[in-house]
Each structure stands twice: as C-alpha cells, then as structure tokens.
Amino acid sequence: MSVVSTQITYPRAYNSELTNTELRDIAKLHLVSFGDDILSQLGLNVIYRFYHSLYQQSKDCFLVVRAQEKIIGFCLLSFDVESIFRRFAFSQFPVHLLMIGLKAISSSFLFIFLLKYFGKKPVTSEKYLNPEIGYIFVAPEAQGHGTGKQLIQQCQNVCRKLNCNTLYTKTREQDNEATIHFYQKNGFKIRDHFMRGDHSYLHLELRVIE
Ligand SMILES: CC(C)(COP(=O)(O)OP(=O)(O)OC[C@H]1O[C@@H](n2cnc3c(N)ncnc32)[C@H](O)[C@@H]1OP(=O)(O)O)[C@@H](O)C(=O)NCCC(=O)NCCS
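With our numbering, you'll find the sequence shown wraps up at 249, consecutive numbering, no jumps.
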C-alpha cells in the first residue's frame, strides 16, 4: 500500500469537518443508541470528550450522514480500534506532569516501559490493512430508511481509496438479531465468534475489493 507515511493526516482527508457542537450531537446520539455501554454510564460529557479527543488525533475516520444540516447517522471507522479507549485515556492525562515526575525519578527503564505500554502508537501500514467499524448508530427517528446502509457505503469508499480490501466489525451475538441482520444485509459475513467477559461476540467481515 502506498499511502502510509502520512500516518496522521491520511484518515483526516476522509473525515467530514465537524464542529464541537456536532461532536456533542454525536455524543448525544451515542447516549441514545447505547444507553447501557461503558461510555454511556460515564455520562454525556465523557462521551463528548471521547469523540472530541479521537477527532483531534485524526487516526480514525468520522463519517456522518446529515439531514437538513442535522447529523442523523454516525460511524467511527477506525484503523486501530483496539486502542481507542487507551488513546482517549492517554489524551486526558496531564502529560507534562508525567514528564516532570519521570525526570525527577530519572529512571529510564520506567520511562521506556510507560512509553511502550501507554505511549501513542503510530498508525502503521499494518493498521491500515484492518479498518474496523468501531461505532455505528443512527438517530432513532431516522432508523430503517437506509442511513445505516449509506454509512456502510461510505466506509467501503474510504477502504477502496486506501486500498484496504476488507472491512471488519464486531457485534454482540445474543439479543442482537436486528443489528446482525443489518450487517448481513449489507454483505458482511461471519468470520468467527469470540468471548469478551460474559458475552459472546461475532467478528464480521466485508470484502470491499475482490
Ligand atoms: C443498526 C443501525 C445502525 C442500522 O441503521 P438504519 O439506518 O436503521 O439501517 P438501514 O435503514 O440502512 O437498514 C435497515 C435494516 O437494518 C435492520 N435494522 C437493524 N436495527 C434496526 C432498527 N433499530 N430500526 C430499523 N431497522 C433496523 C432492519 O432489519 C433493516 O433490514 P430490513 O430492511 O431487511 O428490514 C441502527 O438501527 C442503529 O443505530 N441501531 C442502534 C445502535 C446499534 O445497535 N448499532 C450497531 C452496534 S454494532
């Protein structure tokens, strides 16, 4: 793949320009869509800060569908989905205080350890090969009218432009027939099953370039 030296800016090229108000609207939609997930339990402000920090990092694509200038659908297409919470947590941390503390301790081993496990990892060409839908949701009043399908199509367009041949997503297996049907209707195939905590999940994939 030819694109990857511009690690940070490249996904940004596919981001829609979003204002802070729109990021807050996305956070509100998140809260309505996933009332019981970890972020929602932390409240609207944390969800807003979560999206705001990921948006600033420019490593993930923020894809939106608008109707009358209002965001009615959102998808986070991530090239490093496993790190989104770690990246958010790190962005909230007062880094300069950490640096002063580390200098005082002057322990280079500790410094290397922290950088290795908590430092911002650059997005590598390897990551671009695995774009994954981190979140997708549509305003309740707009569901069932093709907005979700449009978001999946936008994801596919980004994948094609980045020369990524497969788009991935994960979703809960139990009590989730409508979402699974949605993904399968849009061409996703079940790749495997896995457990996270007490819940089983499906890992789905969509071939974008044959
Ligand atoms: C799943 C979701 C993104 C689909 O968006 P959408 O705009 O409603 O989807 P579309 O209109 O393109 O497609 C409709 C199809 O998806 C299915 N679907 C899944 N959830 C649905 C919902 N809540 N309302 C209507 N259709 C839904 C329908 O069965 C329909 O298939 P059909 O036409 O064969 O009946 C949206 O319903 C949503 O935001 N759900 C809540 C959040 C969520 O579960 N996100 C996925 C987490 S992995």
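Beta carbons are placed, not taken as given, at the ideal position from N, Cα and C, and that holds for glycine.
Since the model is a prediction, treat every value here as computed from it, not as a measurement.
Only counting runs of 3 or more residues, tell me where the beta strand (DSSP E) segments fall wholly within the segment 74-125, in order along the chain.
-> You should have 99-106 and 109-117.
Cα separation between Tyr53 and Val120?
-> Taking the sequence shown and counting its residues from 1, the one referred to as residue 53 is at position 14. Taking the sequence shown and counting its residues from 1, the one referred to as residue 120 is at position 81. The alpha-carbon atoms of Tyr53 and Val120 are separated by roughly 17 Å.
Nearest to Ile172 by alpha carbon, out of Gln96, Leu243, Leu190 and Thr208?
-> Sequence index remark: in the sequence shown, residue 172 carries index 133 (1-based). The shortest C-alpha separation from Ile172 is found at Thr208.
Answer with buried or exposed for Gly112, where buried requires no fewer than 16 other C-beta atoms within 10 angstroms of its C-beta.
-> One-based indexing of the sequence shown puts residue 112 at position 73. With 16 or more Cβ atoms within 10 Å of its Cβ, Gly112 is classed as buried.
Measure the alpha-carbon distance for Asn215 versus Glu180 and round it to whole angstroms.
-> In the sequence shown, counting from the first residue as 1, residue 215 sits at position 176. In the sequence shown, counting from the first residue as 1, residue 180 sits at position 141. Separation of Asn215 and Glu180 (C-alpha to C-alpha, rounded to the nearest whole angstrom) is 19 Å.
With a threshold of 6 Å, establish whether the CB of Ala66 neighbours any heavy atom of ligand 1.
-> Taking the first residue of the sequence shown as 1, we reach residue 66 at position 27. Incorrect: Ala66 has no Cβ contact closer than 6 Å to ligand 1.
With a cut-off of 7 Å, does the C-beta of Gly185 fall near any C-beta of chain D?
-> In the displayed structure, chain D is absent; only one protein chain is listed.
Could you round the C-beta distance between Val104 and Thr186 to whole angstroms and report it? I think they count as a contact, below 8 Å.
-> Your numbering for residue 104 matches position 65 in the sequence shown. Your numbering for residue 186 matches position 147 in the sequence shown. Contact between Val104 and Thr186 holds: their C-beta atoms lie close to 5 Å from each other, under 8 Å.
Count the other CB atoms within 10 Å of the CB of Glu249; is the residue buried (16 or more) or exposed (fewer)?
-> Taking the sequence shown and counting its residues from 1, one reaches residue 249 at position 210. So Glu249 counts as exposed.
Backbone CA spacing between Lys188 and Gln213 [nearest angstrom] | The count along the sequence shown starts at 1 and reaches residue 188 at position 149. The count along the sequence shown starts at 1 and reaches residue 213 at position 174. If I take the Cα positions, the gap works out to 22 Å.
Grab the span of the beta strand (DSSP E) containing Gly173 for me, first residue to last.
-> Stepping through the sequence shown from its first residue, residue 173 is reached at position 134. Taken as a continuous stretch (DSSP letters only), the beta strand (DSSP E) holding Gly173 covers Glu171 to Val177.
CA-to-CA distance, Tyr94 to Glu56, given in whole angstroms = Here residue 56 is taken as the residue at index 17 of the sequence shown, counted from 1. Here residue 94 is taken as the residue at index 55 of the sequence shown, counted from 1. Rounded to whole angstroms, Glu56 to Tyr94 spans 10 Å at the Cα level.
Which of helix, strand or coil DSSP assigns to Phe233 | Position 194 of the sequence shown, counting from 1, holds the residue named residue 233. Phe233: strand per DSSP, three-state reduction.
Whose C-beta lies closer than 6 Å to the C-beta of His242 among residues of the same chain, with five residues either side of it excluded?
-> Counting from 1 along the sequence shown, the entry for residue 242 is found at position 203. Only Lys209, Arg230 and Asp231 meet the Cβ criterion.
Tell whether a beta-carbon distance below 7 Å holds between Leu116 and Cys194.
-> Taking the first residue of the sequence shown as 1, we reach residue 116 at position 77. Taking the first residue of the sequence shown as 1, we reach residue 194 at position 155. Against a cut-off of 7 Å, the Cβ pair of Cys194 and Leu116 comes out as a contact.
Relative to the alpha-carbon of Leu68, which residue among His238, Lys228, Val197 and Gln182 has its alpha-carbon at the smallest distance?
-> Residue mapping note: residue 68 aligns to position 29 of the sequence shown, counting from 1. Looking at the Cα atoms, Gln182 is the closest of the given residues.
Distance cut-off 6 Å: His232 Cβ against heavy atoms of ligand 1 | Residue 232 sits at position 193 when you count from the first residue of the sequence shown. No - ligand 1 has no heavy atom lying nearer than 6 Å to the Cβ of His232.
Using three-state DSSP, classify Ser239 as helix, strand or coil.
-> Mapped onto the sequence shown, residue 239 falls at position 200. Looking at Ser239 - three-state DSSP - the assignment turns out to be strand.
Can you tell me where the beta strand (DSSP E) with Tyr222 in it begins and where it stops?
-> Counting from one through the sequence shown, the residue named residue 222 turns up at place 183. Taken as a continuous stretch (DSSP letters only), Tyr222 belongs to no beta strand (DSSP E), being part of the alpha helix (DSSP H) at Glu216 to Lys224.
Note down the Cα distance separating Ile123 from Gln107, rounded to an integer number of angstroms.
-> Position 84 of the sequence shown, counting from 1, holds the residue named residue 123. Position 68 of the sequence shown, counting from 1, holds the residue named residue 107. Just so you know, the alpha carbons of Ile123 and Gln107 end up roughly 30 Å apart.
By Cβ distance below 8 Å, which residues in the same chain neighbour Lys200 in space, the five residues on each side in sequence not counted?
-> Sequence index remark: in the sequence shown, residue 200 carries index 161 (1-based). Counting only Cβ-Cβ distances below 8 Å, and skipping sequence neighbours, we find Tyr53.
Please say whether Val177 and Leu206 have beta carbons closer to each other than 7 Å?
-> As a first step, residue 206 must be located in the sequence shown, where it is residue number 167. As a first step, residue 177 must be located in the sequence shown, where it is residue number 138. Judged by their CB atoms, Leu206 and Val177 are not nearer to each other than the 7 Å cut-off.
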